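Enquirer: Residue numbers (UniProt numbering): 1 to 345. Even for Gly, the Cβ is constructed at its ideal location relative to N, Cα and C. Please read these numbers as outputs of a predicted model, since none were measured by experiment.
1) Please tell me whether residue 262 and residue 286 are closer than 9 Å, where the distance is taken between their beta carbons.
2) Under 8 Å by Cβ, that's how I've got residue 217 and residue 224 pegged, so tell me the actual separation to the nearest angstrom.
3) Could you tell me which of 256, 298 and 337 sits nearest to residue 272, measuring between CA atoms?
4) Between the region 227-242 and the region 333-345, do three or more beta carbon pairs fall short of 8 Å?
5) What is the residue span of the alpha helix (DSSP H) that residue 167 lies within?
6) Residue range of the alpha helix (DSSP H) that residue 233 falls in?
7) Could you check where the beta strand (DSSP E) with residue 149 kicks off and where it finishes?
8) Roughly how many angstroms lie between the CA atoms of residue 146 and residue 193, to the nearest whole one?
9) Let me confirm a value: residue 266 is counted as buried when at least 16 other C-beta atoms fall within 10 Å, else exposed. Which label applies?
10) Please list the terminal residues of the continuous beta strand (DSSP E) segment that includes residue 263.
11) Are there 16 or more other CB atoms within 10 angstroms of the CB of residue 284, so buried, or fewer, so exposed?
12) Can you give me the C-alpha to C-alpha distance between residue 195 and residue 281, rounded to a whole angstrom?
13) State the Cα-Cα distance for the pair residue 190 and residue 203, rounded to the nearest angstrom.
14) Let me make sure I understand the geometry here. Which of 159, 186 and 163 has the alpha-carbon closest to that of residue 153?
15) Where residue 163 and residue 215 are concerned, what is the direct C-alpha to C-alpha distance, given to the nearest angstrom?
16) How would you label residue 319, buried or exposed, when you count the other beta carbons within 10 angstroms and need 16 or more for buried?
17) Can the beta-carbon of residue 181 be found less than 9 Å from the beta-carbon of residue 304?
18) Please report how far the alpha carbon of residue 251 lies from the alpha carbon of residue 230, in whole angstroms.
19) Is the beta carbon of residue 199 less than 9 Å from the beta carbon of residue 310?
20) Under 7 Å Cβ to Cβ from residue 288, same chain only, skipping five residues before and after it: list those, please.
21) Between residue 293 and residue 205, is the Cβ-Cβ spacing less than 9 Å?
22) Taking the alpha helix (DSSP H) that residue 283 belongs to, which residues open and close that run?
23) Return the first residue and the last residue of the alpha helix (DSSP H) that residue 239 is part of.
24) Quick one, which of 268, 244 and 330 has its alpha-carbon nearest residue 316's?
25) Do residue 149 and residue 207 have their C-beta atoms within less than 9 Å of each other?
26) Can you tell me whether residue 298 is helix, strand or coil according to DSSP?
27) Rounded to whole angstroms, what's the CA-CA distance from residue 246 to residue 275? Just pull it up for me.
28) If you reduce the DSSP assignment to three classes, tell me which class residue 343 lands in.
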């Protein structure tokens, strides 16, 4: 009876008192049923929020347990692992120490490891390997020709390419042959070779370039592509634009055609040829080009084509006011420091 009286007075207290009465009156299941039958309205209004709260707490605890299970076993539940570094704590470490010791792994760890790999010693010094590499590179540069620039194009006789089209090999008969030729033709391209002056430019076809296996074939492909684009543009261009286009091309031809004329003979040298005999070469400064593009040319070629420039060079050598290359100059005297002494007497 005492418990029933306490339950009847439950409606006059707050929700916290309801919780206390609920805890004190939960001694047995039969007592709870008796209290609920005596006052249904008061017990339902007072105990309903407590039940919902308990259910909500149970739901949260269950959700937390599920999340912990998923986190501990991500592979079993199809959860993708994050690639980012995560903090890991040990039971013996404090929060401050764990934050201080934590640091993400550096991104260049693999590169640093690659640099620290121990090299195997094969008994070859670095100087020897460098010399061998230099010889290999020099051999490639000598043996393999390379296209430096494609200058122009024309329609020429089939097979009329290579050395026979060099400027100093084209005599009057060849020029007349080209002017009067009306047979089958093919497209030829004027090639400037790397390491050689414009005097050694040759006309080549795509076939002859491929047969030689030279480097820089991509430059020829780019030149052909630009020519085709220009041909398409000329079909829709106005008369003024077409005239300007042809005038500009003629000006460009005049520019690189003057590069085959010598402006000055700078100096000479004596070198040994492939047969072991000595030969004389002259350094030529070309018209329209800077001194950095000067090249060494054979004496026979200079004497045959640039005799006037060679005479000017000899005149400078024999001039009394110009220093001669054969003169011997005194060496600069050795430096001696002079100390200034001040007498106090």
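Expert: The answer reads as follows:
1) Reading the chain shown from its first residue, position 262 is the one you call residue 262. Reading the chain shown from its first residue, position 286 is the one you call residue 286. Cβ atoms of residue 262 and residue 286: closer than 9 Å.
2) Walking along the chain shown from the start, residue 217 turns up at place 217. Walking along the chain shown from the start, residue 224 turns up at place 224. Not confirmed; about 11 Å, so no contact.
3) On the chain shown, residue 272 is found 272 positions in, with the first residue counted as 1. It is 298 whose Cα lies nearest to the Cα of residue 272.
4) no
5) Within the chain shown, numbered from 1, the residue matching residue 167 stands at position 167. Unbroken run through residue 167: none, as it is neither H nor E.
6) Taking the first residue of the chain shown as 1, we reach residue 233 at position 233. Taken as a continuous stretch (DSSP letters only), the alpha helix (DSSP H) holding residue 233 covers 217-236.
7) Taking the first residue of the chain shown as position 1, residue 149 is located at position 149. Its beta strand (DSSP E) spans residues 147-157.
8) The sequence position of residue 146 within the chain shown is 146, counting from 1. The sequence position of residue 193 within the chain shown is 193, counting from 1. Going by the C-alpha atoms only, they are around 6 Å apart.
9) The sequence position of residue 266 within the chain shown is 266, counting from 1. With fewer than 16 other Cβ atoms within 10 Å, it is exposed.
10) The count along the chain shown starts at 1 and reaches residue 263 at position 263. It spans 262-272 - the beta strand (DSSP E) in which residue 263 sits, taken as one unbroken run.
11) The residue labelled residue 284 in the question sits at position 284 within the chain shown. Buried is the call here.
12) Start at 1 with the first residue of the chain shown, and residue 195 comes out as number 195. Start at 1 with the first residue of the chain shown, and residue 281 comes out as number 281. Residue 195 and residue 281: Cα-Cα distance of roughly 15 Å.
13) Position 190 of the chain shown holds residue 190. Position 203 of the chain shown holds residue 203. When rounded, the distance between both Cα atoms is 4 Å.
14) Here residue 153 refers to the residue found at position 153 of the chain shown. Minimum Cα distance to residue 153 is reached at 186.
15) For the purposes of this step, residue 163 is identified with residue 163 of the chain shown, where counting begins at 1. For the purposes of this step, residue 215 is identified with residue 215 of the chain shown, where counting begins at 1. Their backbone Cα atoms lie some 18 Å apart in a straight line.
16) For the purposes of this step, residue 319 is taken as residue 319 along the chain shown, with counting starting at 1. Residue 319 comes out exposed.
17) Walking along the chain shown from the start, residue 181 turns up at place 181. Walking along the chain shown from the start, residue 304 turns up at place 304. For residue 181 and residue 304, no; Cβs fall outside 9 Å.
18) As a first step, residue 251 is located in the chain shown; it is residue number 251 there, counting from the start. As a first step, residue 230 is located in the chain shown; it is residue number 230 there, counting from the start. For residue 251 and residue 230, the distance between alpha carbons rounds to 17 Å.
19) For the purposes of this step, residue 199 is taken as the residue at position 199 of the chain shown. For the purposes of this step, residue 310 is taken as the residue at position 310 of the chain shown. Residue 199 is not a Cβ neighbour of residue 310, given a cutoff of 9 Å.
20) In the chain shown, the residue the question calls residue 288 occupies position 288. Closer than 7 Å at the Cβ level, and outside the excluded window around residue 288, lie 255, 258 and 259.
21) Taking the first residue of the chain shown as position 1, residue 293 is located at position 293. Taking the first residue of the chain shown as position 1, residue 205 is located at position 205. Contact: no.
22) Within the chain shown, residue 283 is the residue found at index 283, counting from 1. From DSSP, residue 283 is part of no alpha helix (DSSP H) but of the beta strand (DSSP E) over 278-286.
23) For the purposes of this step, residue 239 is taken as the residue at position 239 of the chain shown. That run of the alpha helix (DSSP H) goes 239-257.
24) Walking along the chain shown from the start, residue 316 turns up at place 316. With distances taken between Cα atoms, residue 316 lies closest to 268.
25) The sequence position of residue 149 within the chain shown is 149, counting from 1. The sequence position of residue 207 within the chain shown is 207, counting from 1. At the C-beta level, residue 149 and residue 207 stay beyond 9 Å of one another.
26) Walking along the chain shown from the start, residue 298 turns up at place 298. Strand.
27) On the chain shown, position 246 is the one that residue 246 refers to. On the chain shown, position 275 is the one that residue 275 refers to. The straight-line gap from Cα to Cα measures roughly 48 Å.
28) Working through the chain shown from its first residue, we reach residue 343 at position 343. Reduced to three states, the DSSP call for residue 343 is coil.
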